[in-house]
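Each remark here refers to the structure printed beneath this line.
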Amino acid sequence: MHVGTGAVARDGGDLVHLRLICTTDLHGHVLPWDYLAGRRDPGVGLARLAPLIRAHRRRGNTLLFDNGDFLHGNPMADAETERLARGGTGSPAGPHAMVAAMNALGYDAGTLGNHEFDRGLPLLRRALRGLDHPVTSCNLTLAPGTGAPLIIDLAGIALVIAAAGVGNGEPGEA
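Written out as structure tokens, the structure reads:
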């Protein structure tokens, strides 16, 4: 988790202090657990970060983002992916566990990493439909009618949220 702070000038010269919290490369780690070793791992897990994220958000003017590679990467996430592939978000069991955890923390926006595409676009679309926050991306050919800029108003300041990345010369499709 990275926390950055800064100040932005509002019309009229007033400064507004902003705090940006960014998670990255969660790779499906909801809990602080090493599924291969079968033991606790205090170095991973969104649940471990939840109290820190909530404490920062209570201080106001705080936005929470994810930088991608959140969906796949450990046996629990793989099991969730298989469950989602069989039942979709409409199944009684609900969305992917990482999606549910991100929703519980109230992410403001996120972006896609390369591993979000590991299980194919149909599953990725199904998982993304469960998210409560918008997702930005780059290096994709978007469907008609999509791709409007993401603008978040925070303390009267319009913040434009964008993703940047390096492509391999082969466009993807969304």
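The sequence shown maps to residues 478 to 651 in this note's numbering. Just so you know, even glycine gets a beta-carbon here, dropped at the ideal spot from N, CA and C.
* Below 9 Å between beta carbons: does that hold for Ile498 and Phe547? -> For the purposes of this step, residue 498 is taken as the residue at position 21 of the sequence shown. For the purposes of this step, residue 547 is taken as the residue at position 70 of the sequence shown. No, they are not a contact pair.
* Asked: Counting pairs of beta carbons, one from the stretch 589 to 605 and one from the stretch 508 to 527, are three or more of them closer than 8 Å?
  -> no
* Asked: Excluding the five sequence neighbours on either side, which residues of its own chain have a C-beta within less than 7 Å of the C-beta of Ala640, listed in chain order?
  -> Locating residue 640 in the sequence shown gives position 163, counting from the first residue. The residues are Thr588, Thr613, Ser614, Cys615.
* With 16 as the cutoff for other CB atoms within 10 Å, does Asn591 come out buried or exposed? -> Residue numbering aside, residue 591 sits at position 114 when the sequence shown is read from its first letter. Under this definition Asn591 is an exposed residue.
* Of all the options Leu627, Leu561, His533, Gly550, which has the alpha carbon lying nearest to the alpha carbon of Trp510? -> Taking the first residue of the sequence shown as 1, we reach residue 510 at position 33. Per the Cα distances, Gly550.
* Please report how far the alpha carbon of Ala651 lies from the alpha carbon of Arg596, in whole angstroms. => The residue labelled residue 651 in the question sits at position 174 within the sequence shown. The residue labelled residue 596 in the question sits at position 119 within the sequence shown. Low confidence applies to Ala651: its pLDDT is 46, below 50, so where it sits in the model is not reliable, and the reading given next is rough at best. Each residue's Cα considered, the two are about 14 Å apart.
* Run the CB neighbour count on His506, radius 10 Å, all protein chains shown included, and call it buried at 16 or more, exposed below. => Start at 1 with the first residue of the sequence shown, and residue 506 comes out as number 29. It is buried - the Cβ of His506 has at least 16 other Cβ atoms within 10 Å.
* Asked: Which ranges would you report for the alpha helix (DSSP H) in the stretch 517 to 569 if only whole runs of at least 4 residues count?
  -> Annotation note: the stretch 517 to 569 contains the following uninterrupted alpha helix (DSSP H) runs of length 4 or greater, listed N- to C-terminal: 523 to 535, 552 to 564.
* Asked: Going by DSSP, which residues form a beta bridge with Gly587?
  -> Within the sequence shown, residue 587 is the residue found at index 110, counting from 1. According to DSSP, Gly587 bridges with Asp543, Val612.
* **Same chain, Cβ closer than 7 Å to Gly583, neighbours up to 5 away in sequence not counted** => Taking the first residue of the sequence shown as 1, we reach residue 583 at position 106. The residues are Leu541.
* Residue range of the unbroken beta strand (DSSP E) whose run includes Ala635 -> Stepping through the sequence shown from its first residue, residue 635 is reached at position 158. Taken as a continuous stretch (DSSP letters only), the beta strand (DSSP E) holding Ala635 covers 634 to 638.
* To do: Go through its chain and collect everything with a Cβ distance to Ala524's Cβ below 8 Å, but skip five positions before and after it.
  => Residue mapping note: residue 524 aligns to position 47 of the sequence shown, counting from 1. Excluding positions up to five away in sequence, the list reads Val507, Leu508, Pro509, Ala578.
* Excluding the 5 residues preceding and the 5 following Ala625 in the sequence, name in chain order all residues of the same chain whose CB lies nearer than 7 Å to its CB. => Position 148 of the sequence shown, counted from the first residue, corresponds to residue 625. Excluding sequence neighbours, Ala625 sits near nothing in its chain.
* Just how far apart, CA to CA, sit Asp630 and Pro528? -> What you label residue 630 is simply residue 153 of the sequence shown in a count that begins at 1. What you label residue 528 is simply residue 51 of the sequence shown in a count that begins at 1. Each residue's Cα considered, the two are about 25 Å apart.
* Asked: Mind checking Asp491: buried by the 16 CB within 10 Å criterion, or exposed?
  -> Within the sequence shown, numbered from 1, the residue matching residue 491 stands at position 14. The residue in question, Asp491, is exposed, as its Cβ has fewer than 16 Cβ neighbours within 10 Å.
* Asked: Between the beta-carbon of Ala554 and the beta-carbon of Ile638, is there less than 9 Å?
  -> Here residue 554 refers to the residue found at position 77 of the sequence shown. Here residue 638 refers to the residue found at position 161 of the sequence shown. No, the Cβ-Cβ distance between Ala554 and Ile638 is not below 9 Å.
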